[in-house]
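K.L.:
So for the sequence shown, this note's numbering puts the first residue at 27; every next one is plus one.
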Amino acid sequence: MRLRTLPLGLAGLALLHAGPAATWLPRVRRRLPGLAGVGHPGHVAITFDDGPHPGSTPRFLDELARLRCHATFFVLGELLERHQPLGRRIVAEGHELAVHGWRHGNALLAPPGRVAAELGRAADLVEQVAGVRPAWYRPPYGALSLEALVAARLRGLRPVLWTDWGRDWEETATPDSVLATVTAGLRGGATVLLHDSDHVSVPGSWRPALDALPALVGHCRLMGLWVGPLRDHGVAGATHISGESSDIGLPFYRRIQTPISTPAGNGAAR
């Protein structure tokens, strides 16, 4: 596969090399809206990192089913390998699997070649479990190195971070704090980051995110926003694996134009 033109200029790449914090500073995300996951102004993408975990992910799936909305799960290869039936359940229930890496390591601290090898291994496993090639890659800690960026593009993966998060991994997090943090600046087009696993955080840290989920989805719907996965988000500049212009947001736009075809409760409250 030939190396396609990378979506970021040299200035953007310099920012990505500056350190893990650089890619999640709000000012940087505003300058790179596609990388942040900014999508259609009538839609909010819900995403989860660090799973799948049998002790917590099924609870998120149950709650999402009750809320009648879908999400994107950025999975770790080492967990998906152990819990493939759970990965298949995620897909069977209409959610989207995406790549978070093989292990939860900082790409900027990895020896040369490790990130590319592990990203490829994780992408292959996600494709095997999901039955389709994954479209998205989110690096642990938001630390997107040049090696990770090139490896992702060669695999046809679109790097995407987030616009809003709940800081749900913190020991002091509560459902109220998660909701308040996520919604403080939330607007249409947002990509929300939560965690469905405590694999690399404080034990039980997934509980505040789970308990905040109904209020978060309700908040979005009261704002007149549809809630769903990244595949329906219309992320700016998204491309198909082939490198052609993407219509990744078309299912969402079609639902707006023909709402009768949308499952009840999966969008804005009417």
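Beta carbons: idealized from backbone N, C-alpha and C, even for Gly.
Take Ile116 and list the residues in its own chain whose beta-carbon comes closer than 7 angstroms to its own, dropping the five residues that flank it on each side.
P.N.:
Here the set comprises Pro78, Leu87, Phe99, Leu123.
K.L.:
So, for Leu220: in the same chain, excluding its five sequence neighbours on each side, which residues have a beta-carbon less than 6 angstroms away from its beta-carbon?
P.N.:
Answer for Leu220: Phe74, Gly192, Asp194, Ala235, listed in chain order.
K.L.:
Tell me, please, whether the stretch 197-207 touches the stretch 153-169 by the rule of three or more beta-carbon pairs shorter than 8 angstroms.
P.N.:
As far as the Cβ criterion goes, the stretch 197-207 does not touch the stretch 153-169, which means the pair count is below three.
K.L.:
I want to know whether the stretch 53-71 touches the stretch 246-262 - three or more CB-CB distances under 8 angstroms.
P.N.:
In short, these stretches touch, since the Cβ pair count reaches three.
K.L.:
Contact defined as beta carbons within less than 8 angstroms: I believe Gly103 pairs with Leu151. What is the distance between those atoms, to the nearest angstrom?
P.N.:
Indeed, because the Cβ distance is near 5 angstroms, the residues count as touching under 8 angstroms.
K.L.:
Identify every residue that forms a DSSP beta bridge with His221.
P.N.:
Bridge partners of His221: Asp75.
K.L.:
Of all the options Val226, Gln110, Gly182, which has the alpha carbon lying nearest to the alpha carbon of Arg159?
P.N.:
It is Gly182.
K.L.:
Bridge partners for Tyr163 per DSSP, in chain order?
P.N.:
Answer by DSSP bridge pairing, in chain order: Val125, Pro185.
K.L.:
Arg147: which of Thr200, Leu106, Ser223, Ser82 sits nearest, CA to CA?
P.N.:
The option with the nearest alpha carbon to Arg147 is Leu106.
K.L.:
Using three-state DSSP, classify Asp194 as helix, strand or coil.
P.N.:
DSSP places Asp194 in coil when its eight states are reduced to three.
K.L.:
Put Val158 into one of helix, strand or coil per three-state DSSP.
P.N.:
Val158 falls in the coil class under three-state DSSP.
K.L.:
Label Glu144 either buried or exposed according to how many other C-beta atoms from any shown protein chain fall within 10 Å of its C-beta, with 16 as the threshold for buried.
P.N.:
So Glu144 ends up on the buried side.
K.L.:
Using a threshold of 7 angstroms, state whether the C-beta atoms of Val125 and Tyr163 are closer than that.
P.N.:
Cβ distance < 7 angstroms, so Val125 and Tyr163 count as in contact.
K.L.:
DSSP three-state call for Thr207: helix, strand or coil?
P.N.:
In this structure, Thr207 counts as helix in the three-state DSSP scheme.
K.L.:
For Phe99, write down the residues that DSSP places opposite it in a beta bridge.
P.N.:
Bridge partners of Phe99: Phe74, Leu123.
K.L.:
Could you tell me the boundaries of the beta strand (DSSP E) in which Gly81 lies?
P.N.:
Run containing Gly81: none; DSSP gives neither H nor E here.
K.L.:
Let me check understanding here. Comparing Cα to Cα, which of Val141, Asp222, Ala177 lies closest to Leu112?
P.N.:
Checking every option, the nearest Cα to that of Leu112 belongs to Asp222.
K.L.:
Is it right to say Ala178 is buried, meaning 16 or more other beta carbons lie within 10 angstroms of its own, or is it exposed?
P.N.:
It is buried - the Cβ of Ala178 has at least 16 other Cβ atoms within 10 Å.
K.L.:
I need the straight-line Cα distance from Leu239 to Leu248, nearest angstrom please.
P.N.:
Straight-line Cα distance between these residues: approximately 14 angstroms.
K.L.:
Got a sec? Which residues, its chain only, sit under 6 angstroms from Arg129 by beta carbon, not counting five neighbours each side?
P.N.:
Within the same chain, Arg129 has close Cβ partners Glu104.
K.L.:
Which residue from Asp224, Arg233, Ala174, His225 puts its Cα closest to that of Ser203?
P.N.:
Looking at the Cα atoms, Arg233 is the closest of the given residues.
K.L.:
Express the C-alpha separation of Gly215 and Ala161 in angstroms, rounding to a whole number.
P.N.:
Cα to Cα, the separation comes out at about 18 angstroms.
K.L.:
Thinking just about the alpha-carbon of each residue, which of Gly139, Arg92, Val155 is nearest to the one in Ala174?
P.N.:
For the residues Gly139, Arg92, Val155, the minimum Cα distance to Ala174 belongs to Gly139.
K.L.:
Apart from the five residues just before and just after Leu212, which ones in its own chain have a Cβ nearer than 6 angstroms to its Cβ?
P.N.:
Answer for Leu212: Asp190, listed in chain order.
K.L.:
Taking the C-alpha atoms as reference points, what is the distance between Val141 and Gly131?
P.N.:
Going by the C-alpha atoms only, they are around 9 angstroms apart.
K.L.:
Where does Val228 fall in DSSP's three states?
P.N.:
Looking at Val228 - three-state DSSP - the assignment turns out to be coil, as it is neither helix nor strand.
K.L.:
Classify Gly60 as helix, strand or coil using the three-state DSSP reduction.
P.N.:
Correct three-state label for Gly60: helix.
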